[in-house]
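Here is the structure we will look at.
Residue numbers (our numbering): 173 to 325.
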(Lines of atoms letter the chains of each structure in order from A; the text may use other names.)
(Lines give C-alpha, C1' and ligand atoms only; values in the text may rest on other atoms or scores of the structure.)
Protein backbone atom coordinates (compact mmCIF):
# COMPACT_ATOMS: atom_id res chain seq x y z
CA UNK A 173 0.00 0.00 0.00
CA UNK A 174 1.36 3.42 -0.98
CA UNK A 175 2.16 5.96 1.77
CA UNK A 176 -0.23 8.92 1.57
CA UNK A 177 1.45 12.32 1.16
CA UNK A 178 0.96 14.92 3.89
CA UNK A 179 -0.38 18.31 2.84
CA UNK A 180 1.68 21.25 4.11
CA UNK A 181 -0.16 24.54 4.54
CA UNK A 182 -0.02 27.82 6.46
CA UNK A 183 -1.18 27.55 10.06
CA UNK A 184 -4.19 29.61 11.12
CA UNK A 185 -5.75 30.16 14.53
CA UNK A 186 -8.45 27.66 13.58
CA UNK A 187 -5.67 25.06 13.96
CA UNK A 188 -4.73 26.05 17.51
CA UNK A 189 -6.59 23.38 19.49
CA UNK A 190 -5.27 20.57 17.32
CA UNK A 191 -1.71 21.95 17.27
CA UNK A 192 -1.77 22.36 21.06
CA UNK A 193 -2.98 18.76 21.44
CA UNK A 194 -0.09 17.67 19.19
CA UNK A 195 2.39 19.56 21.36
CA UNK A 196 0.96 17.94 24.48
CA UNK A 197 1.32 14.46 22.95
CA UNK A 198 5.07 14.72 22.35
CA UNK A 199 7.42 13.33 24.99
CA UNK A 200 9.76 15.99 26.42
CA UNK A 201 8.08 18.88 24.60
CA UNK A 202 8.35 22.22 26.45
CA UNK A 203 5.20 24.34 26.70
CA UNK A 204 5.24 27.95 27.94
CA UNK A 205 2.25 28.99 30.02
CA UNK A 206 1.75 32.38 28.31
CA UNK A 207 3.58 32.17 24.96
CA UNK A 208 1.89 28.89 24.01
CA UNK A 209 -1.58 29.86 25.24
CA UNK A 210 -4.23 30.63 22.63
CA UNK A 211 -3.63 34.37 23.17
CA UNK A 212 0.15 34.00 22.89
CA UNK A 213 0.01 31.96 19.69
CA UNK A 214 -2.63 34.28 18.23
CA UNK A 215 -0.33 37.27 18.83
CA UNK A 216 2.52 35.38 17.12
CA UNK A 217 0.42 34.25 14.12
CA UNK A 218 -1.09 37.71 13.69
CA UNK A 219 2.45 39.17 13.53
CA UNK A 220 3.62 36.38 11.17
CA UNK A 221 0.53 35.36 9.18
CA UNK A 222 2.23 33.44 6.33
CA UNK A 223 5.23 31.67 7.83
CA UNK A 224 4.00 29.07 10.36
CA UNK A 225 3.05 25.68 8.89
CA UNK A 226 1.05 22.56 9.67
CA UNK A 227 1.18 19.12 8.08
CA UNK A 228 -2.21 17.51 7.41
CA UNK A 229 -2.96 13.84 6.76
CA UNK A 230 -6.49 12.49 6.45
CA UNK A 231 -7.88 15.78 7.77
CA UNK A 232 -5.74 15.64 10.92
CA UNK A 233 -2.76 17.80 11.93
CA UNK A 234 0.29 15.57 12.34
CA UNK A 235 3.02 18.22 12.35
CA UNK A 236 3.53 21.91 13.05
CA UNK A 237 6.14 24.68 13.06
CA UNK A 238 5.80 28.16 14.50
CA UNK A 239 7.94 30.42 12.33
CA UNK A 240 8.33 34.15 12.69
CA UNK A 241 10.68 36.97 11.81
CA UNK A 242 11.52 40.57 12.55
CA UNK A 243 12.11 41.54 8.91
CA UNK A 244 15.73 40.55 9.10
CA UNK A 245 16.12 37.21 10.86
CA UNK A 246 13.66 34.44 11.44
CA UNK A 247 13.32 31.80 14.11
CA UNK A 248 11.67 28.39 14.08
CA UNK A 249 9.84 27.29 17.21
CA UNK A 250 8.09 24.08 18.23
CA UNK A 251 9.08 22.05 15.17
CA UNK A 252 7.31 18.73 15.64
CA UNK A 253 5.83 15.72 13.88
CA UNK A 254 3.60 13.18 15.59
CA UNK A 255 5.81 10.24 16.52
CA UNK A 256 4.18 7.59 14.32
CA UNK A 257 4.61 9.79 11.22
CA UNK A 258 8.28 10.65 11.69
CA UNK A 259 11.00 9.63 9.21
CA UNK A 260 8.69 10.20 6.24
CA UNK A 261 10.04 13.62 5.22
CA UNK A 262 7.16 15.56 6.80
CA UNK A 263 9.42 17.69 8.99
CA UNK A 264 11.63 18.46 5.99
CA UNK A 265 8.59 19.45 3.92
CA UNK A 266 7.37 21.82 6.64
CA UNK A 267 10.83 23.39 7.00
CA UNK A 268 11.04 23.83 3.23
CA UNK A 269 7.61 25.56 3.22
CA UNK A 270 8.68 27.88 6.05
CA UNK A 271 11.92 28.77 4.28
CA UNK A 272 10.06 29.49 1.03
CA UNK A 273 7.62 31.78 2.90
CA UNK A 274 10.55 33.58 4.54
CA UNK A 275 12.35 34.04 1.22
CA UNK A 276 9.13 35.55 -0.16
CA UNK A 277 9.32 38.09 2.66
CA UNK A 278 13.02 38.79 1.90
CA UNK A 279 14.31 37.28 5.17
CA UNK A 280 17.92 36.13 4.77
CA UNK A 281 18.74 34.12 7.88
CA UNK A 282 16.94 31.62 10.11
CA UNK A 283 17.89 30.54 13.62
CA UNK A 284 16.53 27.93 16.00
CA UNK A 285 17.26 26.51 19.39
CA UNK A 286 17.52 22.77 19.98
CA UNK A 287 18.03 21.65 23.55
CA UNK A 288 21.23 19.64 23.96
CA UNK A 289 19.31 16.67 25.35
CA UNK A 290 16.93 16.66 22.34
CA UNK A 291 18.85 13.98 20.41
CA UNK A 292 16.09 13.44 17.83
CA UNK A 293 15.85 17.16 17.07
CA UNK A 294 19.60 17.67 16.89
CA UNK A 295 20.01 14.72 14.49
CA UNK A 296 17.19 16.15 12.34
CA UNK A 297 18.86 19.56 11.97
CA UNK A 298 22.27 18.02 11.30
CA UNK A 299 20.75 15.77 8.61
CA UNK A 300 19.22 18.85 6.95
CA UNK A 301 22.67 20.48 6.88
CA UNK A 302 21.96 23.31 9.32
CA UNK A 303 25.08 24.82 10.89
CA UNK A 304 25.83 24.25 14.56
CA UNK A 305 27.28 27.49 15.94
CA UNK A 306 30.03 27.23 18.50
CA UNK A 307 31.04 30.88 18.21
CA UNK A 308 28.04 32.41 19.97
CA UNK A 309 26.59 32.36 23.45
CA UNK A 310 22.85 32.29 24.01
CA UNK A 311 21.49 34.72 26.59
CA UNK A 312 17.97 35.40 27.76
CA UNK A 313 16.25 37.92 29.96
CA UNK A 314 12.90 36.81 31.34
CA UNK A 315 10.48 39.74 31.42
CA UNK A 316 7.51 37.81 32.78
CA UNK A 317 8.20 35.25 35.50
CA UNK A 318 4.65 33.90 35.06
CA UNK A 319 5.59 32.56 31.61
CA UNK A 320 6.67 29.17 32.97
CA UNK A 321 7.94 26.31 30.81
CA UNK A 322 6.76 22.79 31.63
CA UNK A 323 8.00 19.68 29.84
CA UNK A 324 5.74 16.81 28.85
CA UNK A 325 6.60 13.48 30.48
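Where is the CB? At the ideal position from N, CA and C, for every residue including glycine.
Can you give me the Cβ contacts of residue i inside the same chain, cut-off strictly under 6 Å, excluding the 5 residues immediately before and after it?
{"i": "residue 322", "result": "203"}
{"i": "residue 234", "result": "227, 254, 257"}
Pull up the distance between the alpha-carbon of residue i and that of residue j, whole angstroms please.
{"i": "residue 258", "j": "residue 324", "result": "18 Å"}
{"i": "residue 186", "j": "residue 196", "result": "17 Å"}
{"i": "residue 208", "j": "residue 201", "result": "12 Å"}
{"i": "residue 256", "j": "residue 289", "result": "21 Å"}
{"i": "residue 180", "j": "residue 319", "result": "30 Å"}
{"i": "residue 305", "j": "residue 284", "result": "11 Å"}
{"i": "residue 225", "j": "residue 311", "result": "27 Å"}
{"i": "residue 267", "j": "residue 260", "result": "13 Å"}
{"i": "residue 269", "j": "residue 182", "result": "9 Å"}
Tell me, please, which residues DSSP counts as bridged to residue i.
{"i": "residue 323", "result": "202"}
{"i": "residue 249", "result": "238"}
{"i": "residue 282", "result": "246"}
{"i": "residue 181", "result": "226"}
{"i": "residue 232", "result": "229"}
Cutting at 8 Å between CB atoms, please list the residues of its own chain near residue i, excluding the five before and the five after it.
{"i": "residue 274", "result": "223, 239, 241, 246, 282"}
Answer with buried or exposed for residue i, where buried requires no fewer than 16 other C-beta atoms within 10 angstroms of its C-beta.
{"i": "residue 220", "result": "buried"}
{"i": "residue 216", "result": "buried"}
Could you name the residues of the same chain whose beta carbon sits closer than 7 Å to that of residue i, not counting the 5 residues immediately before and after it, in chain order?
{"i": "residue 263", "result": "235, 251, 253, 296"}
{"i": "residue 210", "result": "188"}
{"i": "residue 205", "result": "318, 319, 320"}
What I want to know is whether the C-beta of residue i ends up closer than 8 Å to one or more non-hydrogen atoms of the ligand NAD.
{"i": "residue 181", "result": "With respect to the ligand NAD, the structure offers nothing, as it holds no ligand at all."}
Problem - Cβ contact check for the segment 232-250 and the segment 182-194: 3 or more pairs under 8 Å - result: yes
Exercise for the section: Indicate whether the contact test is met: 3 or more Cβ pairs, each with one atom in the segment 293-304 and one in the segment 234-242, closer than 8 Å. Expected result: no
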